[in-house]
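741 is the number that the working numbering gives to position 270 of the sequence shown; each next residue is one higher, with no gaps. Where a beta carbon is used, it is the ideal one built from N, C-alpha and C, also for glycine.
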Amino acid sequence: MEPVQPPVIVSPAKRRLMIFIKVGGIMLLIALLHIPLALTHGVLRERLGFQRQATEEIAGLWGRAQIVTGPVLAVPYVCKARVTRTKFIGDRAVNVEEMDLVAGTAYFLPEMLDVDGTVDPELRHRGIYDTVVFTTKLRLAGSFQPDFAAAGIVAERIDWEKARVLFGVSDLHGLRTVGPLRAGGKEAAFESTGAALDELLPLAANAGAMLVAGGRLEFAIDVVAQGSERLEIAQLGKTTRVTLTSPWADPSFVGAALPVAREVGARGFKAEWASTHFSRAFPQSWTTRAIENATIAKKIAPAAFGVRFAQPVDGYSMAERAQKYGVLFFVLVFAVFFVFEVTAGLAIHPLQYGIVGAALCLFFLGFLALSEFLATGAAYGVAAAACTLLVALYAWSFLKSGVRTGVVFAGLGSTYGYLYFVLKSQDYALLAGTAALFAGLALVMFCTRRINWYALEMKTGAASV
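Here it is in C-alpha cells:
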C-alpha cells in the first residue's frame, strides 16, 4: 500500500503571493488579447476600404455630393478707367497712366431666392456593399434687380442684350435636366460656357431678350439632378428660402445653417431653411475689375446648407464601436472565473482563460463577417448567441457546476444584449455605457463584500499558476 501523502501546508504569505501572481497573470492575458482585437480591427479597416471604393465607384457613375449654385446674373459693361501703358521716349520706356474705356462684367445675386424640392433616396449595390444615392427635383424661383448705381459701378455702356443667367451643380455628371430659364413670359435654354466662375457656374442662359434695362427680372428654373451622400443649396439670395421633403427617415442636416423648421418621422422629413445675405462672406454684387471670381468662388461653397443621406448605423460602424468594448468582456468573464476560483476552491488554468478570451475575440470577427450578409441586428444576435453558447459549454468542463455555468451564460448573454442597446442608442450611448459599467462594478462589490482576501487559499497543483 502506497504511503499517504501529508497535505501541503501553504503559509499565508505564500497564499497572498499566489493570488497576486494569478491576478497579474490575468491582467497580462487581457493585455495580450489586445493583439487579436487589433488584428480584427485591421480586418475591419480593410473592409471599410473596400466599402469606400465601392461607394466611390457608384458615386462616379450616378453622381457625387451635389451643391446647387445659382442662379447668378452676369451683365457685361464698358466703363472709363485709368490704365497704365508703356510708351517710348527716344530709347527710354516710360509708364504713362491714361483714361480709357475698358470692358468688365458685373455679377448680381438674386434679391429673393426660393427653392422648393423633393429628394428621393435609394440604395445602390456594388458587390456586397451598398450606398445611398438620390434623385432630386428642384424648382428655383426668385428675382434679380440689377442696379449698377447702387453697386457703385459707373458704366459708359451696359450690354443688356448680352446679359446671361449662370447656374451650376458641383457634379455635372449627375445633372439630368436643367431649365429652360423662364422669365418675362419667355424661355432660354442653358448651354455650357467657359466664362468666369465656370467651375461653380458652368451653364449659362441668354437673358438679354428678357431683361429690361435696369428693370426687375423674375425667373423660374426646374432642375433634376442625381447625387450621393448629401445635397446642399448655396445661399445666394439676399433672402434665401429652401424647402426640402423626402421619404428618408434619418436625415442629418449639414452646412452653414440648420433648418428653421423641420418635421422628421418614420415616413420621412420636411425641412425649411431661411437666411439672409448677412450670414455669408461675399457681397450681393461685384465686378471682375474689383474682385476676382476665384475669391468669390471659394466663399460660395462654405455658405451652402442642406441634408446628408447616410445609413444611421451600418454593420461596419457598429462593429467598430463594439470592438471598443472588448476589454469590458474580458474583465467581466475573467472576474467571474476568478471569483469562482477563490470562493469555490477551483483551479482554472491560464490556458483555459486564454481559450475563453479567444472565443470572446471571435465574436467581433463573427459579427463583422455576418454583417456583410445579414441585417445588423440579426448578425449581432447570431454572433452573440454563438459566442455565449461556446463559452458556456466550455466553462462547464472546469466550473463543475450547472449553477456557476448558468451564471456565466446569463451574465455574458445579458452583457451582449445590453451592448446592442448601447450601440443602437446613438444619442444616449455614453450614458447607457457608463450606467452599465457602474452596475457591473456595483455587482462585483456586492458579490465579494464578505470575502476575506487575506484568508484565501488557492489550490496548488498542475492546474495552478
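Inset, instruction - Give me the Cα-Cα distance between Leu-584 and Phe-690, rounded to the nearest whole angstrom. - result: Here the question's residue 584 lines up with position 113 in the sequence shown. Here the question's residue 690 lines up with position 219 in the sequence shown. Cα to Cα, Leu-584 sits roughly 10 Å from Phe-690.
Legend entry - is_contact[Arg-751, chain D] using C-beta, thresh 8 Å: Protein chains in the displayed structure number just one, and chain D is not present.
Inset, instruction - May I have the straight-line CA-CA distance separating Pro-821 from Leu-902, to the nearest angstrom? - result: Stepping through the sequence shown from its first residue, residue 821 is reached at position 350. Stepping through the sequence shown from its first residue, residue 902 is reached at position 431. Going from the Cα of Pro-821 to the Cα of Leu-902 covers about 34 Å.
Legend entry - Residue burial classification, Gly-828 (beta-carbon count within 10 angstroms, cutoff 16): The sequence position of residue 828 within the sequence shown is 357, counting from 1. With 16 or more other Cβ atoms within 10 Å, it is buried.
Legend entry - Start and end residues, beta strand (DSSP E) containing Ser-614: Position 143 of the sequence shown, counting from 1, holds the residue named residue 614. Taken as a continuous stretch (DSSP letters only), the beta strand (DSSP E) holding Ser-614 covers 600 to 615.
Legend entry - Test item: CB-CB of Gly-541 and Gly-639 under 8 Å: Taking the sequence shown and counting its residues from 1, the one referred to as residue 541 is at position 70. Taking the sequence shown and counting its residues from 1, the one referred to as residue 639 is at position 168. Yes, Cβ-Cβ distance for Gly-541 and Gly-639 is below 8 Å.
Inset, instruction - Using only alpha-carbon positions, find the residue among Ser-614, Leu-836, Ala-728 that is nearest to Gly-708. - result: Reading the sequence shown from its first residue, position 237 is the one you call residue 708. It is Ser-614.
Legend entry - Local conformation of Ile-922 per DSSP, three classes: On the sequence shown, position 451 is the one that residue 922 refers to. Ile-922 falls in the coil class under three-state DSSP.
Inset, instruction - For Thr-526, collect the residues of the same chain with a Cβ closer than 6 Å to its Cβ; drop the 5 residues on either side in sequence, then sort them by chain order. - result: Translated into the one-based positions of the sequence shown, residue 526 becomes position 55. Correct list, in chain order: Thr-602.
Legend entry - Phe-776 versus Leu-729: straight-line alpha-carbon distance, rounded: Here the question's residue 776 lines up with position 305 in the sequence shown. Here the question's residue 729 lines up with position 258 in the sequence shown. Their backbone Cα atoms lie some 7 Å apart in a straight line.
Inset, instruction - Report the residue from Phe-605, Gln-697, Asp-618, Leu-803 whose alpha carbon sits nearest the alpha carbon of Thr-648. - result: On the sequence shown, position 177 is the one that residue 648 refers to. It is Gln-697 whose Cα lies nearest to the Cα of Thr-648.
Legend entry - Among Val-695, Glu-582, Ile-599, nearest to Arg-712 - alpha-carbon criterion: Position 241 of the sequence shown, counted from the start, is the residue given in the question as residue 712. Nearest of Val-695, Glu-582, Ile-599 to Arg-712, Cα basis: Glu-582.
Legend entry - Simplified DSSP state of Tyr-548, which is helix, strand or coil: Within the sequence shown, numbered from 1, the residue matching residue 548 stands at position 77. Looking at Tyr-548 - three-state DSSP - the assignment turns out to be strand.
Inset, instruction - In angstroms with no decimal places, state the Cα-to-Cα distance between Ala-768 and Val-546. - result: Within the sequence shown, the letter at position 297 stands for residue 768. Within the sequence shown, the letter at position 75 stands for residue 546. About 18 Å.
Legend entry - Collapsed DSSP secondary structure at Gly-739 in the structure displayed: Stepping through the sequence shown from its first residue, residue 739 is reached at position 268. Looking at Gly-739 - three-state DSSP - the assignment turns out to be strand.
Inset, instruction - Would you mind sorting Phe-805 into buried or exposed? The rule is 16 or more other CB atoms within 10 Å of its CB. - result: Looking up residue 805 in the sequence shown gives position 334. Phe-805 comes out buried.
Legend entry - Three-state class that DSSP yields for Ile-501 in the structure shown: For the purposes of this step, residue 501 is taken as the residue at position 30 of the sequence shown. The answer is helix: DSSP assigns Ile-501 an H, G or I state.
Legend entry - Pairwise C-alpha distance: His-505 and Thr-814: On the sequence shown, position 343 is the one that residue 814 refers to. On the sequence shown, position 34 is the one that residue 505 refers to. In a straight line, the C-alpha of Thr-814 is about 29 Å away from that of His-505.
Inset, instruction - Run the CB neighbour count on Lys-493, radius 10 Å, all protein chains shown included, and call it buried at 16 or more, exposed below. - result: For the purposes of this step, residue 493 is taken as the residue at position 22 of the sequence shown. The residue in question, Lys-493, is buried, as its Cβ has 16 or more Cβ neighbours within 10 Å.
Inset, instruction - Out of Arg-516, Pro-507, Gly-496, state which residue places its alpha-carbon closest to the alpha-carbon of Gly-786. - result: As a working mapping, residue 786 is identified with position 315 in the sequence shown. The option with the nearest alpha carbon to Gly-786 is Arg-516.
Legend entry - Distance, Thr-859 Cα to Leu-883 Cα: In the sequence shown, counting from the first residue as 1, residue 883 sits at position 412. In the sequence shown, counting from the first residue as 1, residue 859 sits at position 388. One C-alpha to the other measures close to 6 Å.
Legend entry - Nearest-angstrom Cα separation, counted from Leu-894 out to Arg-792: Numbered from its first residue, the sequence shown carries residue 792 at position 321. Numbered from its first residue, the sequence shown carries residue 894 at position 423. Taking the straight line joining both Cα atoms gives about 7 Å.
Inset, instruction - Would you tell me roughly how many angstroms separate the C-alpha atoms of Ser-935 and Pro-507, rounded to the nearest one? - result: Indexing the sequence shown from 1 puts residue 935 at position 464. Indexing the sequence shown from 1 puts residue 507 at position 36. Because Ser-935 carries a pLDDT of 38, less than 50, the predicted location of this residue cannot be relied on, and the following value inherits that uncertainty. Their Cα atoms are separated by approximately 25 Å.
Legend entry - Per DSSP, cross-strand counterpart(s) of Leu-578: Within the sequence shown, residue 578 is the residue found at index 107, counting from 1. Looking at the sequence itself, residue 578 is Tyr, so the reference to Leu does not match. Ala-545, Trp-757.
Inset, instruction - Please state if the CB of Tyr-851 and the CB of Leu-1006 are separated by a distance shorter than 8 Å. - result: Nothing in the structure corresponds to residue 1006, since the chain is present only between 472 and 936.
Legend entry - Strand pairing of Asn-566, partner residues [DSSP]: Residue 566 sits at position 95 when you count from the first residue of the sequence shown. Asn-566 is bridged to Thr-557.
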